[in-house]
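1 is the number of the first residue of the sequence shown in UniProt numbering; add one for each residue after it.
Idealized CB from N, CA, C, for every residue including glycine.
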Amino acid sequence: MTAADLPHAFTLACAIHVDFFEALDVMADKLATYPAGCLTLETADSAISGYAVSHPYARGRVPKLNHLLGALPADADIYYIHDIAIDAAARGQGHAEVAVDLLAAHARGAGFHEMRLLSVNNSGAFWRRRAFSPVLDEQVDVSSYGSDATYMRRFL
């Protein structure tokens, strides 16, 4: 993902994550803070039909919704998948799975042994198929992400 991709990714985010709005400057901040963790999915005609945003973060904490990161935490010890969004027309073709695999390879290469995320919008089954499981031994405030939000992890 580049800065030029942000308007398209933001438009997708607004359409897909209606209940989890994040401003364009928040998305830009995540790209600026950790560009290696931001990906786009392009169709054959170079249109953006999906994206992923991820970055190192600290175990047991979740980035606040619609807040700037500013910098990575000094105690970052896990790799956090903040968002994967695929346009409805591109779903069901394995793009999200490929994005997860790319992020896992990147996280391993960067020396991380664990990825974490918040499962929202009834996406838990997808994440379980990608080897994520709920984190049951830590108390994490996920209330701003909705009643079905589940803090999950995958060991690498």
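>> With H, G and I counted as helix, E and B as strand and the rest as coil, what does DSSP make of R108?
In response: helix
>> Within 10 Å of its beta-carbon, does L41 have 16 or more other beta-carbons around it, so buried, or fewer, so exposed?
In response: buried
> Secondary structure at F155, three-state DSSP: helix, strand or coil?
Replying inline: strand
> For L24, which residues of its own chain have a beta-carbon under 6 angstroms away from its beta-carbon, when the five flanking residues on both sides are left out?
Replying inline: F10
> What first and last residue would you give for the alpha helix (DSSP H) that runs through P7?
Replying inline: That run of the alpha helix (DSSP H) goes 6-16.
> At which residues does the beta strand (DSSP E) containing V53 begin and terminate?
Replying inline: 48-57
> In the structure shown, what three-state DSSP assignment does P63 receive?
Replying inline: coil
> From D87 to A52, what distance separates their C-alpha atoms?
Replying inline: Computed Cα separation, rounded: 12 angstroms.
> For P56 versus A32, is the C-beta distance shorter than 8 angstroms?
Replying inline: no
> Got a sec? Which residues, its chain only, sit under 6 angstroms from F126 by beta carbon, not counting five neighbours each side?
Replying inline: none
> Would you report the Cα separation of Y34 and Y151, rounded to the nearest angstrom?
Replying inline: 22 angstroms
> So what's Y145 in DSSP terms, helix, strand or just coil?
Replying inline: helix
> So M27 is in the alpha helix (DSSP H); what residue range does that whole segment cover?
Replying inline: 24-33
> Would E97 be called buried (16 or more neighbouring beta carbons within 10 Å of its own) or exposed?
Replying inline: exposed
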